[in-house]
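In case it helps, my numbering puts the sequence shown at residues 332 to 514. No residue lacks a Cβ here, since even glycine has one placed at the ideal position from N, Cα and C. Scroll down for the structure; my scribbles are underneath it.
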Amino acid sequence: MIVVTGAPRTGTSLVMQILGCLGLKLTGVDYHPSFGPKEFFPNGAWCLPTDEDEHGIIDHRYKGKAVKLFAGSLYQTESKLISKLIVCRRNLKDAVESSFKLMQVTPDLRGVEPTRENATKLYEISYRMIEHYLRDNNVISTNIDFENVLRHPVLSVDKIKMFIGSEMNITDAVKNINSGKGV
Numbered sequence: 332m333i334v335v336t337g338a339p340r341t342g343t344s345l346v347m348q349i350l351g352c353l354g355l356k357l358t359g360v361d362y363h364p365s366f367g368p369k370e371f372f373p374n375g376a377w378c379l380p381t382d383e384d385e386h387g388i389i390d391h392r393y394k395g396k397a398v399k400l401f402a403g404s405l406y407q408t409e410s411k412l413i414s415k416l417i418v419c420r421r422n423l424k425d426a427v428e429s430s431f432k433l434m435q436v437t438p439d440l441r442g443v444e445p446t447r448e449n450a451t452k453l454y455e456i457s458y459r460m461i462e463h464y465l466r467d468n469n470v471i472s473t474n475i476d477f478e479n480v481l482r483h484p485v486l487s488v489d490k491i492k493m494f495i496g497s498e499m500n501i502t503d504a505v506k507n508i509n510s511g512k513g514v
């Protein structure tokens, strides 16, 4: 399975949408559907059911699919189940501000008080956990920068396409976006 990970509000849902537009089967459930911009996330973001998001994945039911896991769930998921890992990144200031806004809307989201300091800690801890996971496990990975996806969408989609080995051309992927197939 291909896992998309990163700190909250770093483009993980956007990358999941791109994967769907490239023809990859997505799995998970809707999560915070009202927070993301409707034109990009009409069905919310993609996450696992809460029990799997907290305890990791232990079986093969997601083989051949893309799934979004937050950093803490990586260590609880059997590494042999993860074929590739896409790490989403975003500049600290914007990620923290967006995460802080999310924390205010859903104060119990992470079980921490909604402050910018806590949003910063969540960002830093997430990437430390991802870095440790990559160091301790032999998983192929790539980084996708949120700002680059916005500035250079075709190059970013092409990078993701090459990483997952998709043969779909960009024109078909854009048609999928316009028809809502990746959402």
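query, result
"Sequence ranges, alpha helix (DSSP H) only - wholly within the stretch 435-493, length at least 4", "447-467 and 477-482"
"Separation of Lys424 from Lys396, as counted between CA atoms", "32 Å"
"Alpha-carbon to alpha-carbon, Thr343 and Gly337", "7 Å"
"Cβ pair Leu353, Lys490 closer than 8 Å", "no"
"Helix, strand or coil at Leu400 [DSSP, three-state]", "coil"
"Where the alpha helix (DSSP H) through Leu350 begins and ends", "Thr343 to Cys352"
"Residue range of the unbroken beta strand (DSSP E) whose run includes Leu416", "Lys415 to Arg420"
"Asp382 (DSSP reduced to helix, strand or coil)", "Note that Asp382 has pLDDT 44, beneath the 50 cutoff, so the model's placement of it is unreliable and the number below is only indicative. In the structure shown, Asp382 sits in a helix (DSSP, three-state: H, G or I)."
"Inter-residue Cα distance where the pair is Leu357 and Gly496", "16 Å"
"Contact check, Val470 vs Ser410, beta carbons under 8 Å", "yes"
"Beta-carbon spacing of Thr473, Ile413 below 8 Å", "no"
"Contact belief for Val480 with Ile501 at Cβ below 8 Å, rounded distance in angstroms", "Actually they are not in contact, since the Cβ atoms of Val480 and Ile501 sit about 14 Å apart, beyond 8 Å."
"For Ser429, the nearest candidate out of Glu498, Gln348, Tyr454 and Asp467 (CA to CA)", "Tyr454"
"Separation of Ala402 from Gln348, as counted between CA atoms", "19 Å"
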